[in-house]
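One structure below.
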Amino acid sequence: MKSFSLRRGLAVGFLLLLTLLLGLGVAVWLLGRDYAVRYLQRTVREQLTKNSELVLAPFTVELSPWRDFPHVTASLSHLSLTDTTHHRTVPVLTVGRADLRLEVVSFWHRQVRVTRLEVHDADFQQFVDSTGHSWGLRGKRARRASEGKDPVVNFNLDSIVVYNFRISTRNDYAHSALAGRVQRARLSGGIRQGALQLHGVLDGYLEQLANRTGTLLAHEPVRAWLNYRYAFKARRGEFWRTRATLNGDTISVAGTHTVVANQATGTALNLQFAGTQPLVDVLHAALPFRLRPYLAGATSPSHARIVYTISGLSGPTVRPHVVLTFKLRNASIAWPDSARRINRWDLQGTYDNGPGHNLRTASVKLDQCRIYSPVGQLDAEVLMRNFMHPYVQGHIRGRTELPELATVIAPGLWRAR
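Mapped onto the numbering used here, the consecutive letters of the sequence shown carry residue numbers 30 to 446.
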């Protein structure tokens, strides 16, 4: 009887102790959670709006110890950043939800270590009005001539997953637009020795790429294999061993972008894109827009080898230097009219937007141009200048009849006799 009473007493005592420990644990969790929520809200707000005219709307933070046990998951919902420069309010970034996996040990020492990031339903916008004023994530942040500073923290993200991230930039000053959507991205990276590094794969599509001459690309699926590094002290980002699919072909991407000191806006670019692209798309991009109707209805199974370089200062009101070189070998192209057809086309060409970096100083030079068509064989060297009012000069050698040549080159625009 006494043994039974002793066992019952020990059991009751154990239950009371367990209840007390659970109660203390819950109390500590609730107190710690409230502190952690306030700490995360304050830290996120300071990091996103420090020394800028960006305004962060109220957002919610929820902590869960069970979602990724034994780690704590912090969920940030309804993030919204607005740029208020130039006496105007423009939304520049919204995030539906961001889930961060936190290291508990460092967390209680006021050092939040994020090891996993998952982002859902984000929207980034950048806008330049017709006067050249810009709104974006920079938020009119002052630039100093001195070097940048290395971040005070180092961390590794085992996984960065992004679902449904839309990017949109519109420049009414330059009459250009770019819009795209990342449907899913799986990346890894972190900050080490003063540099951010990102690696991984992105899947999405290019909604629109347009300039003052019209839409260049629309509704194109894109897949990118990214290798990127950003050095904070030098304020320089670098792409290497990066590839992307466009128009069904693969383009390699390499080069740097660097923040320019003592400039309100603007970035020094040194980028190169190399690969192959469909012939008709390359001609559409390289020829003056006044000659593009000549390509209407044209089809080709051929692809051109291209190298596209962007260099110099780029900003809301400043265009960089752009050079596009393209090569053809045994290419063919045909129009709906059976009389207009090029059976074989060898070509080396260069588009350059010139010293003014605009349409007036732009030119296209066609070298080593050899055409085999139903009307004969031609060797040509052609230079087209001033895309606002194209001026063409060149030399043509070969055997053909002029009326048939005019029919192939530009029906309805030329007469030969």
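For every residue, glycine included, the Cβ atom is placed at its ideal position computed from N, Cα and C. Keep in mind the model is a prediction, meaning the values are calculated, not measured.
Three-state class that DSSP yields for residue i in the structure shown
{"i": "Pro384", "result": "coil"}
{"i": "Val73", "result": "helix"}
{"i": "Leu316", "result": "coil"}
{"i": "Tyr202", "result": "coil"}
{"i": "Arg428", "result": "strand"}
{"i": "Val289", "result": "coil"}
{"i": "Leu324", "result": "helix"}
{"i": "Thr78", "result": "helix"}
{"i": "Val404", "result": "coil"}
{"i": "Leu353", "result": "strand"}
{"i": "Asp310", "result": "helix"}
{"i": "Arg272", "result": "strand"}
{"i": "Arg67", "result": "helix"}
{"i": "His162", "result": "coil"}
Among the options, the one whose alpha carbon lies nearest that of residue i
{"i": "Val191", "options": "Arg213, Gly209, His204 and Asn200", "result": "Arg213"}
{"i": "Ala363", "options": "Leu353, Ser329 and Asp396", "result": "Ser329"}
{"i": "Ile189", "options": "Asp201, Leu227 and Arg195", "result": "Leu227"}
{"i": "Ile280", "options": "Leu300, Asn291 and Gln306", "result": "Gln306"}
{"i": "Arg258", "options": "Gly229, Leu245, Gly383 and Gly243", "result": "Gly229"}
{"i": "Gly405", "options": "Arg71, Gly427 and Ala151", "result": "Gly427"}
{"i": "Arg126", "options": "Glu82, Thr294 and Ser106", "result": "Ser106"}
{"i": "Val143", "options": "Arg117, Asn185 and Thr160", "result": "Asn185"}
{"i": "Asp152", "options": "Phe194, Arg215 and Asp158", "result": "Phe194"}
{"i": "Ile425", "options": "Leu395, Met417 and Pro419", "result": "Leu395"}
{"i": "Gln70", "options": "Ser81, Ala86, Asn80 and Glu82", "result": "Ala86"}
{"i": "Arg451", "options": "His116, Arg117, Pro94 and Thr113", "result": "For residue 451 there is no data in the structure shown, the boundaries of the chain being 30 and 446."}
Rounded Cβ spacing between residue i and residue j (contact assumed at less than 8 Å)
{"i": "Leu111", "j": "Val119", "result": "Before going further, note that residue 111 is Thr rather than Leu in the sequence given. That belief holds up - the Cβ atoms of Thr111 and Val119 are roughly 7 Å apart, short of 8 Å."}
{"i": "Ser104", "j": "Glu91", "result": "5 Å"}
{"i": "Ile339", "j": "Leu298", "result": "5 Å"}
{"i": "Ala333", "j": "Val311", "result": "4 Å"}
{"i": "Ser163", "j": "Thr294", "result": "6 Å"}
{"i": "Gly165", "j": "Tyr202", "result": "Wrong, their Cβ atoms sit about 14 Å apart, outside the cutoff."}
One or two residues paired with residue i in a DSSP bridge
{"i": "Met413", "result": "Val393 and Val421"}
{"i": "Leu110", "result": "Leu85 and Leu122"}
{"i": "Thr296", "result": "Val288 and Ser343"}
{"i": "Asn359", "result": "In DSSP, Asn359 forms no bridge with anything."}
{"i": "Thr305", "result": "Arg334"}
{"i": "Leu245", "result": "According to DSSP, Leu245 bridges with nothing at all."}
{"i": "Pro250", "result": "Tyr234"}
{"i": "His228", "result": "Ser217 and Asn256"}
{"i": "Asn372", "result": "Beta-bridge pairing links Asn372 to no other residue."}
- Query: Between the segment 363-374 and the segment 400-411, do at least 3 Cβ pairs fall closer than 8 Å?
  - Reply: A contact exists between the segment 363-374 and the segment 400-411.
Next item on the list: Answer yes if the segment 345-361 comes into contact with the segment 375-383, meaning at least three C-beta pairs across the two stretches below 8 Å, and no otherwise.
Entry: Output reads yes: the segment 345-361 touches the segment 375-383.
- How do the segment 236-246 and the segment 197-209 stand: do at least 3 beta-carbon pairs fall below 8 Å, yes or no? Taking a cut-off of 8 Å on C-beta distances, the segment 236-246 touches the segment 197-209, as three or more cross pairs fall below it.
Worksheet item: Counting Cβ pairs closer than 8 Å, one from the segment 257-268 and one from the segment 317-328, do we hit at least three?
Response: Short answer: they don't touch.
For the segment 410-430 and the segment 345-353, state whether three or more C-beta atom pairs, one from each stretch, are separated by less than 8 Å.
-> Short answer: they don't touch.
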